[in-house]
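Quick note, our numbering runs 48 ahead of the 1-based positions in the sequence shown. A quick write-up on the structure given underneath.
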Amino acid sequence: MKILLGITGGIAAYRAADLARLLTNRGHTVRCVLTEAGARFITPLTLASLTGEACYGANPDHHEWRPSPSVEHIELARWADVVAVVPATANMLGNTANGLANDLLSTVLLATKAPILWAPAMNTAMWEHPAVRANLERLKAFGHTIVEPAEGMLACGEAGAGKLADIERIADAIRAVGSERLGSLRGKQVLVTAGPTREDLDPVRLLTNRSTGEMGIEIARALRDAGAEVHLILGGDMEAPFGIETMRVRTADAMMAACAELWPKMDGCLAAAAVADQRPQAIAAEKVKKADGPEILELVRTEDILLNLGKQKRVGVGGQWLLGFAAESEHHVEYASAKLAKKKLDAVFVNDIASGKAFGHQDNTLTPVTADGPQPPLGPLPKDQLASALVAWWAGRLGSKA
Ligand SMILES: Cc1cc2nc3c(=O)[nH]c(=O)nc-3n(C[C@H](O)[C@H](O)[C@H](O)COP(=O)(O)O)c2cc1C
49 MKILLGITGG IAAYRAADLA RLLTNRGHTV RCVLTEAGAR FITPLTLASL TGEACYGANP
109 DHHEWRPSPS VEHIELARWA DVVAVVPATA NMLGNTANGL ANDLLSTVLL ATKAPILWAP
169 AMNTAMWEHP AVRANLERLK AFGHTIVEPA EGMLACGEAG AGKLADIERI ADAIRAVGSE
229 RLGSLRGKQV LVTAGPTRED LDPVRLLTNR STGEMGIEIA RALRDAGAEV HLILGGDMEA
289 PFGIETMRVR TADAMMAACA ELWPKMDGCL AAAAVADQRP QAIAAEKVKK ADGPEILELV
349 RTEDILLNLG KQKRVGVGGQ WLLGFAAESE HHVEYASAKL AKKKLDAVFV NDIASGKAFG
409 HQDNTLTPVT ADGPQPPLGP LPKDQLASAL VAWWAGRLGS KA
């Protein structure tokens, strides 16, 4: 992706250097445009060194706009796949909200047709000022994306809202607005479940599993990037991705209830959560004490979420699609094919857990199994790339069916 990173005059400007490096390391081409005030906080040399590209705009060596035989603001505006202003000052938000173009960055912001993303950072009183709020509303109405600042200790010594959002979150938001959409998923309502469930035994003990939720979260991201409206039901502690409506749940029963509510409104569902098959029959209100002799834990079965969604799946015109996972240590294809038929799934992605790869951060391979039998495996790839490959594969199948 070609990312134009605008850097304006706030204390958080130094953090744009980390963002420029992160985006460059992820394979994007990053060009920076510094405002004159921004150049008082960070130098063009730092940004050019980190990105391997020229830094544009305010430059003590080249005056405000670099001498250029071409119309630099239009060239940059056309070059970018996405324009991100990080950090964004109250001043620059106000400029663009009101159509002002008095330096290179503000001119590019009016001239570009690329998606625009703002990550504001400022003192809490400035952030809460009605003029700033009104400018933000105008920018949103233009279709711009805002990565809301976090709460925390600010450089001015006050605590409150206005701290630049986390760099990883901003990078995720840039990916969300700048990615290429896939026709068969664009605008579709898609339910994704991810993460482990937790079944309490008493106030301090619980039954859970080794899933982190990473694979499901990466799939939610890839579906979002493809243009789907993703509704994520998430167990565990991982952070929710940018721009995805996320409902956090703890238990298998809570996940079932959340799925049942959303499913009728969805076009499709990808169930990647590792849902407990059993829960304790009773949850002790007080911490259970040690006792002599053997101790027996009474378990009851939880509801099978996929089976339930499959039973209620709409078929025919306007029908729904349902994708599941199977973590198998043996007879992978036979078990996956049986699951496909029993739960009315359109595809099952088989994870070979015998190698111990499915639950960690290592590269992983998934074999899709459909009614046509096993398909060529996806991977081995890191989970983020595997998720994109899975979504591209499914978008291709949906497209060929349409
Ligand atoms: C030390 C210092 C810190 C500043 N920090 C911020 C800030 O965090 N957010 C902000 O909106 N403005 C901040 N300002 C004010 C901007 O620098 C000022 O509005 C400037 O005109 C912004 O220009 P620009 O938007 O073209 O970069 C700060 C000013 C100074 C002197």
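Virtual Cβ for every residue (Gly too), placed ideally from N, Cα, C.
If I measure Cβ to Cβ from Leu280 and keep anything under 6 Å in the same chain, skipping five residues before and after, which residues do I get? Val240, Ala268, Ile292, Thr294
Go to Thr241, then tell me how far its beta strand (DSSP E) extends in each direction, as first and last residue. 237–242
Can you find a heavy atom of ligand 1 that lies under 8 Å from the Cβ of Asp151? yes
With three or more C-beta pairs closer than 8 Å as the rule, is the stretch 218–227 touching the stretch 333–342? no
Kindly indicate the opening and closing residues of the alpha helix (DSSP H) around Ala305. 300–310
Between which two residues does the beta strand (DSSP E) containing Asp220 stretch? No beta strand (DSSP E) holds Asp220; the alpha helix (DSSP H) holding it covers 215–226.
At the level of alpha carbons, what is the spacing between Leu393 and Leu370? 5 Å
Excluding the 5 residues preceding and the 5 following His111 in the sequence, name in chain order all residues of the same chain whose CB lies nearer than 8 Å to its CB. Bear in mind that a pLDDT of 49 at His111, under 50, signals an unreliable position, so the model cannot answer this.
Kindly provide the ranges of any beta strand (DSSP E) runs that are 3 or more residues long and lie completely inside the stretch 148–202, ordered along the chain. 164–168, 198–201
Residue of Lys211, Arg79, Ala96, Val78 minimising C-alpha distance to Ala138: Lys211
Out of curiosity, what's the CA-to-CA distance linking Ala389 and Leu354? 12 Å
Would you give the residue range spanned by the beta strand (DSSP E) that His279 belongs to? 277–282
Once you ignore the five residues that flank His121 on each side, which residues in its own chain have a CB closer than 7 Å to its CB? Leu152, Thr155, Val156, Ala159
Contact under 9 Å by Cβ, Thr418 with Leu426: no
Between which residues of its own chain and Leu187 is the CB-CB distance below 6 Å, once the five residues before and five after are set aside? Ala145
For Lys387 and Arg217, I'd like the C-alpha separation in whole angstroms. 36 Å
Which listed residue (Gly57, Gly275, Pro251, Glu351) has its alpha carbon closest to that of Ala302: Glu351
Asp420: which of Ala374, Ser385, Leu446 sits nearest, CA to CA? Ser385
Could you tell me the boundaries of the alpha helix (DSSP H) in which Asp66 lies? 63–73
Do we get a CB-CB distance below 9 Å when we pair Pro168 with the residues of chain B? The structure shown contains no chain B, having only a single protein chain.
Per DSSP, which residues does Arg229 bridge with? Please list them. Looking at the DSSP assignment, Arg229 forms no beta bridge with any residue, so it has no partner.
I need the boundaries of the beta strand (DSSP E) containing Met295, first residue and last residue. 293–296
Which value, in whole angstroms, describes the spacing of the CA atoms of Pro108 and Glu266? With a pLDDT of only 46 at Pro108, under 50, the local geometry of the prediction cannot be trusted, and the value read off the model is given with reservation. Each residue's Cα considered, the two are about 42 Å apart.
From the DSSP output, in three-state form, read off Leu345 for me. coil
Closer than 7 Å by C-beta to Gly275: which residues in its own chain qualify, once you throw out the five before and the five after it? Chain order, please. Arg229, Leu230, Leu233, Arg234, Gly235
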